[in-house]
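Just below is one structure, and these are the notes that go with it.
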Amino acid sequence: MPIPALELEASKAVSPLNGRKSGAAAPTLWSERFAQRTQRMTSSAIRELLKLTEKPDVISFAGGLPAPELFPCAEVERATEKVLRGQGQTALQYAPTEGYLPLRELLVRQMARYGIRVKPANVMITSGSQQGLDLVGKLFVNAGDHILTESPTYLGALQAWSAYQADYLTVPVDDDGLDVEKLEAQLRGGPKFLYILPNFQNPAGVTLSLERRRRLVELANHYGAPIVEDDPYGQLRYEGEHLPPLVQIDAELHGCAQQDCEFTGDVLYLSTLSKTLAPGLRIAWVVAPEAVISRLVQMKQGADLHTSTFCQMVAYEVARDGFLDRHVRKIREVYGERRNAMLGALERHFPHEVRWTKPHGGLFLWITLPSGFDSSELLKEALDKERVAFVPGASFFPRGGGERTLRLNFSYAGPEVIDEGVRRLGDVIKRKLAPSLYSQR
Ligand SMILES: Cc1ncc(COP(=O)(O)O)c(C=O)c1O
Numbered sequence: 004m005p006i007p008a009l010e011l012e013a014s015k016a017v018s019p020l021n022g023r024k025s026g027a028a029a030p031t032l033w034s035e036r037f038a039q040r041t042q043r044m045t046s047s048a049i050r051e052l053l054k055l056t057e058k059p060d061v062i063s064f065a066g067g068l069p070a071p072e073l074f075p076c077a078e079v080e081r082a083t084e085k086v087l088r089g090q091g092q093t094a095l096q097y098a099p100t101e102g103y104l105p106l107r108e109l110l111v112r113q114m115a116r117y118g119i120r121v122k123p124a125n126v127m128i129t130s131g132s133q134q135g136l137d138l139v140g141k142l143f144v145n146a147g148d149h150i151l152t153e154s155p156t157y158l159g160a161l162q163a164w165s166a167y168q169a170d171y172l173t174v175p176v177d178d179d180g181l182d183v184e185k186l187e188a189q190l191r192g193g194p195k196f197l198y199i200l201p202n203f204q205n206p207a208g209v210t211l212s213l214e215r216r217r218r219l220v221e222l223a224n225h226y227g228a229p230i231v232e233d234d235p236y237g238q239l240r241y242e243g244e245h246l247p248p249l250v251q252i253d254a255e256l257h258g259c260a261q262q263d264c265e266f267t268g269d270v271l272y273l274s275t276l277s278k279t280l281a282p283g284l285r286i287a288w289v290v291a292p293e294a295v296i297s298r299l300v301q302m303k304q305g306a307d308l309h310t311s312t313f314c315q316m317v318a319y320e321v322a323r324d325g326f327l328d329r330h331v332r333k334i335r336e337v338y339g340e341r342r343n344a345m346l347g348a349l350e351r352h353f354p355h356e357v358r359w360t361k362p363h364g365g366l367f368l369w370i371t372l373p374s375g376f377d378s379s380e381l382l383k384e385a386l387d388k389e390r391v392a393f394v395p396g397a398s399f400f401p402r403g404g405g406e407r408t409l410r411l412n413f414s415y416a417g418p419e420v421i422d423e424g425v426r427r428l429g430d431v432i433k434r435k436l437a438p439s440l441y442s443q444r
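Okay, so the sequence shown: first residue is 4 according to my numbering, each after it adds one.
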């Protein structure tokens with residue numbers, strides 16, 4: 004049964020009920036034959052509710068969508084023509100699973116600029132980072148294996164790994180990212196690997212401090228636990244200094260930070276062009292030691308043989324010659340303004356009992372409501388009365404909890420819509436707060 008992706012705008016979500024007018028899906032010969040492992044993968048009431056965000060009068064902060072007006076349509080059009088005219092027969096043919104070499108070389112040069120020194124042989128192109136996560140699950144996860152995640156964490160990873168019957172150990176995050184003080188106790192539980200989002204975490208928007216990055220890598224090394232570092236947002240920083248990725252800190256710890264040193268690190272690194280170019284291209288990559296890449300290649304062959312060569316070649320033509328850098332600068336500017344718009348609107352329209360994170364980059368910020376609130380209940384009222392949507396936080400907690408939390412996206416809507424949506428949401432929250440508790444700022 005396909006799982007609707009909360010990461011997408013809910014209107015685009017795939018649902019078992021899609022295409023039916025109402026009521027339960029009619030049973031078919033297949034209904035009794037779903038694999039046991041799919042039993043945990045159910046559609047939730049929230050997902051059904053979020054489908055209402057497709058209505059034009061709803062302001063949705065629910066999706067994780069980039070701003071479509073920033074998509075480089077003209078550049079993609081030019082690149083498409085160039086690829087088809089010059090190399091059409093290659094672009095439309097089957098190709099090696101590892102991915103288009105010039106694109107992998109370009110990504111290697113890009114990564115070297117932010118501290119990751121690897122060779123093209125350490126890079127495999129995937130159909131989105133989501134596929135990278137799935138292939139990691141396929142390669143490493145046995146039923147009942149424990150994966151150590153932040154709490155909250157990226158829902159798409161849980162969806163990918165729950166299909167392989169993973170269980171989870173969790174460590175809470177605060178404003179400086181994962182709380183390393185609480186890590187050691189969980190590491191003693193013997194996780195298969197750690198799943199960490201150090202930059203502008205989805206969903207909480209927080210960033211792991213340098214000190215904590217070092218401590219995390221040291222502890223993981225000490226306990227012999229490898230790390231999956233998921234970094235879709237690292238380039239989208241709106242304030243503060245770039246921090247070294249875990250994969251770099253790990254290489255330094257192993258005395259291996261030079262270009263000519265073979266990459267044998269214990270950190271698998273994933274990133275994507277979804278947020279810096281366009282998610283519709285479905286181009287992302289995974290960095291791993293060669294021995295792991297060759298096994299991931301086998302996993303990918305079973306999934307899709309290779310990522311669309313045509314899309315890889317177009318992405319390469321668009322990204323080369325400095326365009327990607329210029330484009331990322333533009334995205335940073337626009338999203339930085341939108342983040343400021345949302346932070347300003349929260350100050351203006353939210354009651355002071357509510358707390359929120361102040362992300363230095365990325366696409367999301369995270370709200371904690373006063374005690375007694377349930378953000379799933381709030382969503383019903385917000386949609387019904389004020390036509391505004393968000394994602395309730397509980398789905399991002401692998402082991403339950405988070406009922407008072409919710410995620411807001413600030414990349415999709417412009418500043419005025421953000422202000423209006425936050426005002427509407429603030430009104431719902433204010434109405435729910437008992438008047439005796441509530442005092443207007
Ligand atoms: C943390 C994280 N990892 C992976 C992905 C998947 O990205 P892609 O579009 O490359 O599949 C997302 C998408 O929002 C994400 O937030």
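All C-beta atoms in this analysis are idealised placements derived from N, C-alpha and C, irrespective of residue type, glycine included.
Check: Proximity winner among 104, 106, 79 and 42, relative to residue 162 (alpha-carbon distances); Outcome: 42
Check: Residue 157 Cβ short of 6 Å to ligand 1 heavy atom set; Outcome: yes
Check: Neighbourhood of residue 138 by C-beta, 8 Å cutoff - its chain only, sequence neighbours within 5 removed; Outcome: 129, 289, 299, 302, 303 and 306
Check: Among 38, 74 and 273, nearest to residue 119 - alpha-carbon criterion; Outcome: 273
Check: Contiguous alpha helix (DSSP H) assignments of at least 4 residues, all confined to the region 59 to 147; Outcome: 76 to 94, 104 to 116 and 131 to 143
Check: 7 Å CB neighbourhood of residue 215 in its chain, flanking five on each side removed; Outcome: 179, 180, 181 and 183
Check: Contact between the region 401 to 413 and the region 319 to 333 (3+ Cβ pairs under 8 Å); Outcome: no
Check: Spatial distance of residue 402 from residue 320 (CA atoms); Outcome: 43 Å
Check: Range covered by the beta strand (DSSP E) that runs through residue 175; Outcome: 170 to 177
Check: Burial state of residue 145, where buried means 16 or more other Cβ atoms lie within 10 Å; Outcome: exposed
Check: Helix, strand or coil at residue 427 according to DSSP, with G and I counted as helix; Outcome: helix
Check: Cβ neighbours of residue 24 in the same chain (closer than 7 Å, five flanking residues each side left out); Outcome: Any reading at residue 24 must be qualified, since the residue scores a pLDDT of 46, below 50, and its modelled position is unreliable; no value is offered.
Check: CA nearest to the CA of residue 349, picked from 416, 276, 323 and 428; Outcome: 428
Check: Reduced DSSP secondary structure (H/G/I, E/B, other) of residue 14; Outcome: No answer about residue 14 holds up, because its pLDDT of 36 lies below 50 and its placement is not dependable.
Check: Cβ-based burial, residue 325 [other Cβ within 10 Å; buried from 16]; Outcome: exposed
Check: Rounded Cβ spacing between residue 365 and residue 236 (contact assumed at less than 8 Å); Outcome: 4 Å
Check: Spatial neighbours of residue 436 in its chain, beta-carbon cut-off 8 Å, leaving aside the 5 residues before and after; Outcome: 354, 356 and 373
Check: Given residue 244 as reference, the closest of 210, 101 and 250 once Cα atoms are compared; Outcome: 210
Check: Residue 222 beta carbon less than 7 Å from that of residue 186; Outcome: yes
Check: Residue range of the unbroken alpha helix (DSSP H) whose run includes residue 297; Outcome: 293 to 307
Check: Beta strand (DSSP E) segment containing residue 224, residue limits; Outcome: Note, residue 224: premise wrong, no beta strand (DSSP E); alpha helix (DSSP H) at 213 to 225.
Check: Touching by the beta-carbon criterion (3+ pairs, under 8 Å), the region 387 to 402 and the region 151 to 161; Outcome: yes
Check: Cβ-heavy atom distance, residue 205 to ligand 1, below 6 Å; Outcome: yes
Check: Local conformation of residue 199 per DSSP, three classes; Outcome: strand
Check: Residue 55 versus 391, 417, 346 and 416, residue with shortest Cα-Cα distance; Outcome: 391
Check: Rounded separation between residue 98 and residue 116 - CA only; Outcome: 28 Å
Check: Cα-Cα separation, residue 93 to residue 65; Outcome: 39 Å
Check: C-beta atoms of residue 106 and residue 251 nearer than 7 Å; Outcome: no
Check: Check: residue 163 C-beta below 6 Å from any heavy atom of ligand 1; Outcome: no
Check: Expected contact under 8 Å - CB spacing of residue 114 and residue 121 to nearest Å; Outcome: 7 Å
Check: Backbone CA spacing between residue 30 and residue 164 [nearest angstrom]; Outcome: 27 Å
Check: Nearest-angstrom Cα separation, counted from residue 370 out to residue 239; Outcome: 21 Å
Check: When 293, 418, 268 and 69 are compared against residue 282, the one with the closest alpha-carbon; Outcome: 69
Check: Between the CA atoms of residue 415 and residue 293 - distance to the nearest angstrom; Outcome: 38 Å
Check: Helix, strand or coil at residue 257 [DSSP, three-state]; Outcome: coil
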